[in-house]
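Worksheet: the structure to be examined is printed underneath.
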Amino acid sequence: MTRLRPGRDDDAAGIIALIASCWSEYPGCVMDLDGEVPELRALATYFAERDGALWVAEAGGAVVGMVGTHPLGEGAWEICKLYVARPQRGRGVAQALITTAEAHARAHGATAMKLWSDTRFERAHRFYEKHAYVRQGPIRVLDDLSHSLEFAYAKPLTGVVVRELDAVGVASAAARLAEVMKDCVDSGDARAVWRQAATEVATGRRCVLAAWAEGELVGTVQLDLGLPPDQSHRANLQKLLVQAGARRRGIGRLLMQQAEAAARQAGRSLLVLDTRAGDAAEHLVRGLGWTEAGCIPGDTRDADGTLRDTLIFYRAVQPA
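Here the sequence shown stands for residues 14 to 333, numbered as in the numbering used here.
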């Protein structure tokens with residue numbers, strides 16, 4: 014039986030052994046306890062002095078997991094030292110740890126979470142991305158014995174937030190965005206779609222925005238900017254997707270509005286989109302003041318073979 018409890022300074026031996034064991038799985042990761050991580054000898058005090066908190070997962074009297082969190086300022090909190098012993102992985106221990114830390118941060122006013130993860134810790138990256146964290150910013154170089162390089166991850170924690178993703182962010186969010194896409198449409202290889210989108214963002218041909226609701230990545234929209242020279246004044250709005258459980262909360266509207274703002278920043282003066290007649294998107298688009306340009310009868314086919322009309326809309330915008 015594994016239980017979570019607040020960490021104590023007298024957990025030091027177990028904490029040190031856990032971290033050393035996890036680091037030993039990666040070539041080149043070494044622990045210089047007193048030279049580089051002396052705080053491990055009294056980690057509960059270390060976090061308390063930073064107005065944070067520490068938890069450990071305990072099984073059979075041994076520390077088999079841990080996580081800490083503390084405020085960074087301006088509503089942001091950091092997830093620190095999330096480790097789980099190899100035999101306990103895949104059993105929900107890491108899930109319980111990060112959920113506990115996020116709940117504590119939220120209860121103390123956090124609006125965003127951040128963390129750093131060694132570039133070698135690929136399993137951890139997949140875990141963080143599953144929980145809606147997205148890579149952002151440059152790699153951090155640590156002058157330590159392990160020659161560590163670290164990725165930065167972040168996510169909004171509260172409310173509904175829309176952010177534009179760079180190419181690294183799109184690639185990092187690809188698995189979660191693929192889940193959103195599969196929830197909305199039959200998309201085939203959804204991850205391949207997002208890998209291609211990341212490439213196009215990197216070359217300036219596409220803009221991708223993502224929406225979080227209470228810390229979960231639940232929606233997205235894209236702008237196709239890679240148009241011929243004679244159409245470089247416009248952009249095509251595409252793939253407006255909101256996960257079923259997050260609809261009717263204004264997320265689609267906010268994504269559309271933020272996409273329009275991104276188009277302005279990109280110097281575009283005309284937006285064009287198409288949607289199936291009768292879909293919820295039609296009502297949303299009309300409510301936002303888009304103008305219908307025409308209808309293509311029987312343009313798309315439903316899974317049951319029913320032919321559906323496609324409506325074309327446009328909207329003039331004032332470039333920034």
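Beta carbons are placed, not taken as given, at the ideal position from N, Cα and C, and that holds for glycine.
Predicted model, so just to flag it, every value in this text is computed and none were measured.
Test item: CB-CB of residue i and residue j under 8 Å
i      : j      : result
LEU31  : VAL76  : yes
GLU142 : ALA186 : yes
ASP196 : GLN235 : no
LEU170 : GLU91  : no
ARG277 : PRO332 : yes
HIS138 : GLY41  : no
ARG176 : LEU222 : yes
GLU229 : ALA145 : yes
ALA188 : MET126 : no
Between the CA atoms of residue j and residue i - distance to the nearest angstrom
i      : j      : result
ASP23  : ALA55  : 7 Å
ILE29  : CYS35  : 10 Å
ALA224 : GLY265 : 9 Å
ALA274 : MET44  : 48 Å
GLY81  : TYR59  : 10 Å
THR323 : ARG289 : 4 Å
PRO84  : TRP303 : 43 Å
ASP237 : GLN251 : 7 Å
GLY65  : GLY74  : 24 Å
LEU53  : MET194 : 42 Å
GLY217 : GLY48  : 45 Å
GLY78  : LYS94  : 10 Å
Residue from the options with nearest C-alpha to residue i
i      : options                : result
LEU190 : ASP157, VAL173, VAL231 : VAL231
VAL330 : HIS246, LYS168, GLY122 : HIS246
The stretch 148-166 in contact with the stretch 178-186 per 3-pair CB rule at 8 Å: yes
Sufficient close CB pairs (3 or more, under 8 Å) joining the stretch 260-276 to the stretch 289-302: yes
Touch test, the stretch 276-286 against the stretch 307-322, Cβ-Cβ under 8 Å, three pairs minimum: no
Whole alpha helix (DSSP H) elements within the stretch 269-328, 4-residue minimum: 293-300
contact_flag[the stretch 100-113, the stretch 69-86] where n(CB pairs < 8 Å) is 3 or more: yes
Complete alpha helix (DSSP H) runs within the stretch 82-137 (minimum length 4 residues, chain order): Fully enclosed alpha helix (DSSP H) runs of 4 or longer: 106-120.
Ordered list of alpha helix (DSSP H) runs contained in the stretch 190-215, each at least 4 residues: Runs found: 203-215.
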